[in-house]
Amino acid sequence: MINYIWFVLIFIGILTGIINGNVQAVTDAAIQSAKTAVELSIGMIGMMSMWLGIMKIAEKSGLINKISFILKPVLKHLFPDIPSNHPAMASIVMNISANLLGLGDAATPLGLKAMQELQTLNRTQDTATDSMCTFLALNTSSITLIPATVIAYRVAAGSQNPTQIIGPTILSTIVATTVAIIAVKTYSKFPKYSKTKPDIVRKNKS
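Under my numbering, think of the first position of the sequence shown as 4, with each following residue one higher.
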């Protein structure tokens, strides 16, 4: 679907340029954007490598386990269906840690791993559990203390003060996470969604 959306946007832009007689401007913009994309990607390599390295060191040094211990009371309340020693919990902690540092690229594979682990606790193949929905809401809105990826973008784009977004980012992500958790926990209690819960479906079929 996203491919169709991009195609329509590009087509409309080119068509508008032709109608207004600005075909050369469209061509120049395409070339300049391609150049900017390459420069931006290269500029981010150093920043992303550093933060991904820090995440790996944190994992090997046991820092992730300490973070897991600190977050355990909160996570146990958010994910009551997950056993405390289950691999899914470790994957969720890793994902949260990456998101706290604003490492969206690093958080994505960790999030996929967490979902795979959560699926091992799921009794159905086509219906998400409460834990899956909660994790998705938490991952999407995650609190970010250091928006490393965005800072890297700003550095690569030549920003004079790339770290000035830290304060607004912390505030906005706290609000987003709070709203997301309240929403997912509230919706999970509605009869409409309770009818499709994997455990309930399983019991009804038994």
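The C-beta atom is built at its ideal place from N, Cα and C for all residues, glycine as well. Only a predicted model underlies this, so the values are computations on that prediction, with no experimental measurement involved.
For GLY49, count the other beta carbons within 10 Å of its own beta carbon; 16 or more makes it buried, fewer makes it exposed. Which is it? Working through the sequence shown from its first residue, we reach residue 49 at position 46. Under this definition GLY49 is an exposed residue.
Same chain, Cβ closer than 6 Å to ALA183, neighbours up to 5 away in sequence not counted: In the sequence shown, residue 183 corresponds to position 180, counting from 1. The answer, listed in chain order, is ALA140 and SER144.
Could you give the first and the last residue of the continuous alpha helix (DSSP H) run that contains LYS2? Outside the displayed span of the chain (4 to 209) sits residue 2, for which this structure offers no information.
Hey, would you say LEU113 sits closer than 8 Å to SER87, going by beta carbons? Position 110 of the sequence shown, counting from 1, holds the residue named residue 113. Position 84 of the sequence shown, counting from 1, holds the residue named residue 87. Contact flag unset, no.
Report yes or no: do the region 164–181 and the region 123–138 share at least 3 C-beta pairs separated by less than 8 Å? no
Counting beta carbon pairs with one atom in the region 19–29 and one in the region 67–77, are three or more of them shorter than 8 Å? no
Could you say which of ALA32, MET97, ALA37 and THR39 lies nearest to LYS63 if we only look at CA atoms? In the sequence shown, counting from the first residue as 1, residue 63 sits at position 60. The shortest Cα separation from LYS63 among ALA32, MET97, ALA37 and THR39 belongs to MET97.
Inspect the beta-carbon positions of LEU121 and MET135 and report whether they are closer than 8 Å. Within the sequence shown, numbered from 1, the residue matching residue 121 stands at position 118. Within the sequence shown, numbered from 1, the residue matching residue 135 stands at position 132. Going by C-beta atoms, LEU121 is nearer than 8 Å to MET135.
Would you identify the three-state DSSP class for ALA159, choosing helix, strand or coil? To locate residue 159, count along the sequence shown from 1; it is residue 156. Helix.
Whole angstroms is fine: what's the gap from ILE99's alpha carbon to LYS188's? Taking the sequence shown and counting its residues from 1, one reaches residue 99 at position 96. Taking the sequence shown and counting its residues from 1, one reaches residue 188 at position 185. Near 19 Å, if we compare the C-alpha coordinates of LYS188 and ILE99.
Inside the region 113–164 only - alpha helix (DSSP H) runs reaching at least 4 residues: 133–144 and 151–159
Is the beta carbon of THR137 closer than 8 Å to that of GLY105? On the sequence shown, position 102 is the one that residue 105 refers to. On the sequence shown, position 134 is the one that residue 137 refers to. In this structure, THR137 does not lie closer than 8 Å to GLY105 by Cβ.
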